[in-house]
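**Student:** The numbering used here applies: residue 75 is where the sequence shown begins, and numbers increase by one. Ideal Cβ placement from N, Cα and C applies to all residues, glycine included. One structure is given below, represented as structure tokens, and several questions about it will come after.
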Amino acid sequence: MVSRSHTMTSPVVVMPDSYFNADMEKLTQLVANMFTRVVAHNDRLPLGSQKPTRFHSRAPPNISVSEYMQRVAKYASLEPACLLIMLIYVDRICERNPTFTISSLTVHRFIITAAVIACKTLCDAYCTNAHYAKVGGVSMHELNSLEVEILRMMGWHLIATQEQLEQYYFTLVRQDAHMVLQSDIAASAQKSKAG
75 MVSRSHTMTS PVVVMPDSYF NADMEKLTQL VANMFTRVVA HNDRLPLGSQ
125 KPTRFHSRAP PNISVSEYMQ RVAKYASLEP ACLLIMLIYV DRICERNPTF
175 TISSLTVHRF IITAAVIACK TLCDAYCTNA HYAKVGGVSM HELNSLEVEI
225 LRMMGWHLIA TQEQLEQYYF TLVRQDAHMV LQSDIAASAQ KSKAG
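What follows is the structure, encoded as structure tokens:
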């Protein structure tokens with residue numbers, strides 16, 4: 075059901091029910107928005123239980139999460155499923171490693187590394203680590219180390235079902251104040267006719 079109220083000043087973007095058909099720029103922005111919300115939340119937490127990891131930088135990079143996601147999606151030629159599975163990877167890692175957090179110090183390295191693993195897992199053709207390292211602004215040696223670290227942290231659990239990917243997509247769209255799923259509009263219209 076469409077439970078959000080939209081004003082005339084904020085146009086609503088209707089998103090298809092299948093993430094395969096979603097506009098890549100909009101889908102990339104949805105994923106970037108989720109990472110941004112997670113970072114904003116985690117940056118407010120006390121640092122007490124957080125141990126430095128390979129993903130920690132000394133200071134936050136001078137590029138926003140949104141700009142970085144757009145860069146990675148464009149130059150690494152990410153497919154829709156790759157974008158969505160990156161969020162599943164976050165959940166899997168945090169479940170297995172409760173002290174790991176996505177913060178302004180870890181998010182950029184996490185994004186490029188998760189993108190590499192997603193492409194290698196889901197795509198028939200993918201780029202070299204040298205290319206991904208250049209896109210992500212890290213050395214190839216560092217990217218290789220980060221890749222091994224994520225694989226270890228996830229216990230090599232790399233695949234997601236179609237249903238999981240769809241559920242993450244539906245959740246992303248429904249949490250965005252400016253987007254709505256096509257099926258939610260139809261369900262809302264049916265309810266209006268019945269009521």
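Would you please state the rounded distance, in angstroms, between the beta carbons of I186 and V222? I believe it to be under 8 Å.
**Tutor:** Not quite, the Cβ-Cβ distance comes to about 14 Å (not below 8 Å), so this is no contact.
**Student:** Alpha carbon to alpha carbon, what distance is there between L101 and V254?
**Tutor:** Rounded to whole angstroms, V254 to L101 spans 12 Å at the Cα level.
**Student:** V209 by DSSP, collapsed to three states: which one?
**Tutor:** It is helical.
**Student:** Please report the straight-line C-alpha distance between K148 and A189, rounded to a whole angstrom.
**Tutor:** Going by the C-alpha atoms only, they are around 11 Å apart.
**Student:** Consult DSSP for V86 and reduce its assignment to one of helix, strand or coil.
**Tutor:** DSSP places V86 in coil when its eight states are reduced to three.
**Student:** Mark D258 as exposed unless 16 or more other C-beta atoms lie within 10 angstroms of its C-beta, in which case mark it buried.
**Tutor:** Buried, since its Cβ has 16 or more Cβ neighbours within 10 Å.
**Student:** Would you check if the distance between the CB atom of S219 and the CB atom of R132 is smaller than 8 Å?
**Tutor:** Contact: no.
**Student:** Would you call L246 buried or exposed, if buried means 16 or more other Cβ atoms sit within 10 Å of its Cβ?
**Tutor:** Classification for L246: buried.
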